[in-house]
Ligand code: AVI
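Have a look at this one:
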């Protein structure tokens with residue numbers, strides 16, 4: 007069963023808020039202003055992200071889901087029976103259902119996510135849909151490492167890391183996280199990961215700057231969150247969402263751009279924005295299968311099997327430590 011909510015709330019909420027404030031003040035003090043993309047996911051941000059995942063233009067979600075559906079048996083076999091599945095950044099656990107439906111004798115599912123309310127409500131739904139599986143949510147920033155419950159430490163651990171979230175890390179940070187994963191799943195388990203592949207830049211730009219403006223709302227929601235939680239006065243209408251494709255680095259870069267010269271207070275601290283000045287809020291790196299396998303090899307992971315879609319927009323890859 008999960009930690010009692012009271013234990014997750016109080017003390018850590020204050021600490022999290024202090025860390026959020028510090029990260030925002032530090033990030034906005036840099037020459038290239040920046041905000042960490044992990045802060046997108048408050049309750050509203052998580053809802054907007056779920057909406058992004060349903061957009062026609064946002065191909066990663068449906069493509070990855072289709073790969074999971076088309077290869078469910080092979081993927082299930084690869085994971086094997088009796089596995090404990092630990093999902094990094096589980097969100098609404100939508101793709102996980104394809105796995106939970108196809109795994110034999112699965113003993114536990116441990117969704118790990120930073121967005122507490124969303125995580126706990128998703129876990130409740132999963133408990134009623136999968137009564138035979140022990141659902142054990144952990145509220146954590148998985149990039150910082152976390153402890154698995156005692157009970158499962160001797161079971162084969164499969165880390166499931168879908169959604170191409172690994173792409174939101176810079177390659178050096180990705181290798182570090184893959185190293186942590188490699189130690190967590192050790193030689194008995196494995197890693198099943200979703201990787202977004204490099205492709206026609208226009209397809210990428212359409213995915214990250216959709217015409218309905220959902221991605222813009224998702225990006226700008228970060229300013230609403232800062233206003234609400236950190237006593238700030240961003241006039242959100244005076245900022246806009248920008249997505250560009252950086253071909254040299256094979257990545258989408260997302261920014262919040264100031265439409266006018268303006269001053270913003272965050273608590274006691276004031277920040278000046280020039281007209282056209284940008285806050286970097288996210289990188290989304292795109293790989294090719296060989297390039298990602300080489301990156302994972304630096305973390306001691308070797309690729310076992312790769313599944314892709316017919317257009318090779320996306321890959322689901324299995325690794326062993
Ligand atoms: C969570 N992550 C994999 C998404 C991505 O595609 O990089 C976040 C996102 N940002 C804008 N749209 C989606």
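Residue numbers (UniProt numbering): 7 to 327. Ideal placement from N, C-alpha and C gives every residue a C-beta, glycine not left out. Keep in mind the model is a prediction, meaning the values are calculated, not measured.
{"Item": "Within 10 angstroms of its Cβ, does residue 134 collect 16 or more other Cβ (buried), or is it exposed?", "Value": "exposed"}
{"Item": "With a 10 Å radius around its C-beta and 16 neighbouring C-beta atoms as the bar for buried, classify residue 3 as buried or exposed.", "Value": "Summary: the structure shown does not reach residue 3, with the chain confined to residues 7 through 327, and so no result is reported for it."}
{"Item": "Using 6 Å as the cut-off, classify the Cβ of residue 221 as near or not near the heavy atoms of ligand 1, replying yes or no.", "Value": "yes"}
{"Item": "Among residues of its own chain, excluding the 5 on either side of residue 39, which ones have a beta-carbon nearer than 6 Å to its beta-carbon?", "Value": "285"}
{"Item": "Any chance the CB of residue 58 is under 6 Å from a heavy atom of ligand 1?", "Value": "yes"}
{"Item": "On a Cα-Cα basis, can you pick out the residue from 212, 105, 210 and 160 that is closest to residue 74?", "Value": "105"}
{"Item": "Using only the alpha-carbon positions, how far apart do residue 56 and residue 98 sit?", "Value": "8 Å"}
{"Item": "Do you know offhand how far residue 310's Cα is from residue 53's?", "Value": "34 Å"}
{"Item": "Would you kindly work out how many angstroms separate the C-alpha atoms of residue 178 and residue 295, rounded to a whole number?", "Value": "17 Å"}
{"Item": "Out of 19, 312 and 326, which one is the CA nearest neighbour of residue 184?", "Value": "326"}
{"Item": "Assign residue 15 to one of two classes, buried (16 or more other C-beta atoms within 10 Å of its C-beta) or exposed (fewer than that).", "Value": "Residue confidence for residue 15 is low, a pLDDT of 39 falling below 50, so the modelled location carries little weight and cannot support an answer."}
{"Item": "Assuming residue 195 contacts residue 164 under a Cβ cut-off of 8 Å, what Cβ separation, rounded to an integer in Å, is found between them?", "Value": "5 Å"}
{"Item": "In the structure shown, what three-state DSSP assignment does residue 340 receive?", "Value": "There is no way to answer for residue 340, as the model of the chain reaches only from 7 to 327."}
{"Item": "Which complete beta strand (DSSP E) runs does the region 211 to 273 hold, if anything under 3 residues is left out?", "Value": "245 to 252, 257 to 264 and 268 to 272"}
{"Item": "What is the rounded straight-line gap between the Cα of residue 248 and the Cα of residue 144?", "Value": "33 Å"}
{"Item": "Just list the residues that DSSP pairs residue 343 with in beta bridges.", "Value": "Beyond the ends of the chain as shown, which are 7 and 327, falls residue 343; an answer cannot be given."}
{"Item": "Taking only heavy atoms of ligand 1 into account, decide whether any of them is closer than 6 Å to the Cβ of residue 69.", "Value": "no"}
{"Item": "Using the rule of at least 16 other Cβ atoms within 10 Å of the residue's Cβ for burial, across every protein chain shown, is residue 119 buried or exposed?", "Value": "buried"}
{"Item": "Have a look at residue 167 and residue 221 and give me their C-alpha separation to the nearest angstrom.", "Value": "22 Å"}
{"Item": "If you follow the beta strand (DSSP E) that residue 311 is in, where does it begin and where does it stop?", "Value": "308 to 314"}
{"Item": "Just the Cα atoms here: how many angstroms apart are residue 324 and residue 149?", "Value": "20 Å"}
{"Item": "Residues in its own chain within less than 6 Å of residue 207 by CB, not counting five upstream and five downstream?", "Value": "251"}
{"Item": "Report yes if the C-beta of residue 174 is less than 6 Å from at least one heavy atom of ligand 1; otherwise report no.", "Value": "yes"}
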